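Following: one structure in structure tokens, then a few remarks.
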Amino acid sequence: MSYVDSGQVPEDGNTTSPIWAGERSAKDKPTTRPSAPASTYAPVERVSLLSLLSQPRYRPLLRRVVIAVVVGIVAGVLLKMWQAGVTAAVVAAIADTVVRARSHSTVPAWRRASVAERRTEAQLKSLERKGYRTLHARAIPDSDAQIDHLVIGPTGVYAVDSEKWDKRLPVRAQSHRKLFLGPFSQKARLDEARWEASRAAELIGELLGREVMIIPSLAIYGPSIPWKVLNVREVDVFDGGHVRKWITKRERSLTEEEIDKIYEIAEKVLPARYPESPAPEAPVRARRGAEQVSSDR
287 MSYVDSGQVP EDGNTTSPIW AGERSAKDKP TTRPSAPAST YAPVERVSLL SLLSQPRYRP
347 LLRRVVIAVV VGIVAGVLLK MWQAGVTAAV VAAIADTVVR ARSHSTVPAW RRASVAERRT
407 EAQLKSLERK GYRTLHARAI PDSDAQIDHL VIGPTGVYAV DSEKWDKRLP VRAQSHRKLF
467 LGPFSQKARL DEARWEASRA AELIGELLGR EVMIIPSLAI YGPSIPWKVL NVREVDVFDG
527 GHVRKWITKR ERSLTEEEID KIYEIAEKVL PARYPESPAP EAPVRARRGA EQVSSDR
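With my numbering, the residue at position 109 of the sequence shown is 395, and numbering never jumps.
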């Protein structure tokens, strides 16, 4: 995204008038030669530090500076040592940088569908240095369904749907076929998650030229989950805090080249659910129901 604001110096950086190589003497100078053109460039504007920090891209830096200054002054006054104030300011700036890096989402705020999705995304960030690649909020073509997080890495391909459920209601399962939140059956939600992964696998496999297995899952936040990982109706169900372990515990099955290829295809066949700029109204996420999946087995 470009952050070039109106009123800045031209992008080519040339704010000076053209330089003439030399002047002819009056006797050699043609009478029909036009006078040198005046400069068409705007004069150089003086840019102050305050004006730079007021721009959106520098606001985190301004906040960091303010935090560091305030902490430094307070520490220096309390400890009566300016060295302690400087040290405290540096530590505060570093801490703010670390906290922002861990909490910042690659999905802009207006695009974030839920707190649960943001929490899962934060966990998946740490997998990038282990060779995993992730696509967030990818739509299933010709449907209203979406995969919250498609993870592709050394141990396979995973479709993770993040769910924030009422923590006051218990979660229970029956015979690996039924899942309940309190008295409410989650059969349709499980069937939908399975269908999303199956359909995504079909689309990717068509371009890849071979079959791809995508493991569906529900990462649940809120209520206590009385198991680590339980497969219910062919969907892995677990506490959202265990998503990294659920992905990395399996044996390696994909090479780096295969990961890159599957990622490129998935990015192409599974479009982003939201556009690159905010829409006039926040999009409402809809789920495809059980009518799009196979009947109860």
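Just so you know, even glycine gets a beta-carbon here, dropped at the ideal spot from N, CA and C. All figures in this text were calculated on a predicted structure; none of them were measured in a lab.
- In this chain, VAL401 is not harboured by any beta strand (DSSP E); it is covered by the alpha helix (DSSP H) spanning 401-411.
- For HIS435, the secondary structure class from DSSP, reduced to helix, strand or coil, is strand.
- In this structure PRO427 is exposed. Its beta-carbon is surrounded by fewer than 16 other beta-carbon atoms within 10 angstroms.
- Per the coordinates, the alpha-carbon of ILE533 lies some 7 Å from the alpha-carbon of THR441.
- If you compare the alpha carbons of VAL351, VAL401, LYS366, VAL363 with that of VAL377, the shortest gap goes to VAL351.
- For the 8 Å CB-CB criterion, ARG559 and ARG419 do not form a contact.
- The C-beta separation of GLY439 from ILE545 comes to about 6 Å, placing the pair in contact by the 8 Å criterion.
- Its chain contains ARG350, ILE353 as the residues whose beta carbon lies nearer than 6 Å to that of ASP382, once the 5 sequence neighbours on both sides are disregarded; these appear in chain order.
- Fully enclosed alpha helix (DSSP H) runs of no fewer than 4 residues are not present anywhere in the region 499-528.
- Here VAL437 is not near LEU493, since their CB atoms are 8 Å or more apart.
- For ARG475, the uninterrupted alpha helix (DSSP H) run begins and ends at 473-494, by DSSP.
- A Cβ-Cβ contact shorter than 8 Å links ILE500 with ALA445.
- Going by DSSP, LYS547 is part of no beta strand (DSSP E) but of the alpha helix (DSSP H) stretching over 542-555.
- Taking the C-beta atoms as reference points, ASP452 is found no nearer than 8 Å to SER503.
- Where ASP447 is concerned, the enclosing beta strand (DSSP E) starts and stops at 442-450.
- With contacts defined as CB atoms closer than 8 Å, GLU520 and ARG485 fail to qualify as a contacting pair.
- An exposed status is given to ALA408, since fewer than 16 other beta-carbon atoms sit within 10 Å of its beta-carbon.
- Per DSSP, the continuous beta strand (DSSP E) segment holding ARG458 begins and ends at 457-460.
- Buried is the label assigned to PHE524, since at least 16 other Cβ atoms lie within 10 Å of its Cβ.
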